[in-house]
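Structure, as structure tokens:
Residue numbers (full-length UniProt numbering): 1 to 109.
Structure follows, in structure tokens:
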């Protein structure tokens, strides 16, 4: 009976050791994951700050462009905007027409 008790004790010790090793590995993985999360969070914060800076820069550039446009065109600015809108509409119409012609040629061949 003493031998059985000794074997059971060894089995329990082996199981406990395996559990300890597993817990240590899980702790290490948790530490790695936390570090990775913090790094990702720091990167995201940096990107958000950079995005805000870029947005401010874009607003400033747009204001400069509008100011330069007024200097260059003066009272004709509204007329220039109307003409640009017409060009954009015609460009879209031309793109549709090209696409239709290409589809027609492709279907015909």
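The beta carbon of each residue, even a glycine, is placed where N, CA and C say it ideally should be.
Residue i - DSSP class collapsed to helix/strand/coil
{"i": "residue 109", "result": "coil"}
Pairwise C-alpha distance: residue j and residue i
{"i": "residue 13", "j": "residue 23", "result": "15 Å"}
{"i": "residue 43", "j": "residue 103", "result": "47 Å"}
{"i": "residue 20", "j": "residue 39", "result": "29 Å"}
{"i": "residue 87", "j": "residue 79", "result": "12 Å"}
{"i": "residue 93", "j": "residue 109", "result": "24 Å"}
{"i": "residue 84", "j": "residue 100", "result": "24 Å"}
{"i": "residue 25", "j": "residue 17", "result": "12 Å"}
{"i": "residue 96", "j": "residue 72", "result": "33 Å"}
{"i": "residue 107", "j": "residue 35", "result": "58 Å"}
{"i": "residue 52", "j": "residue 60", "result": "12 Å"}
{"i": "residue 62", "j": "residue 74", "result": "17 Å"}
For residue j and residue i, believed in contact at Cβ under 8 Å, the rounded distance
{"i": "residue 64", "j": "residue 70", "result": "About 11 Å separates the two Cβ atoms, so there is no contact after all."}
heavy atom of the ligand FAD below 8 Å from residue i C-beta
{"i": "residue 61", "result": "In the structure on display, the ligand FAD does not appear, and there are no ligands present to speak of."}
- Item | alpha helix (DSSP H) segments (min. 4 residues) lying fully within the segment 58-108 | 77-108
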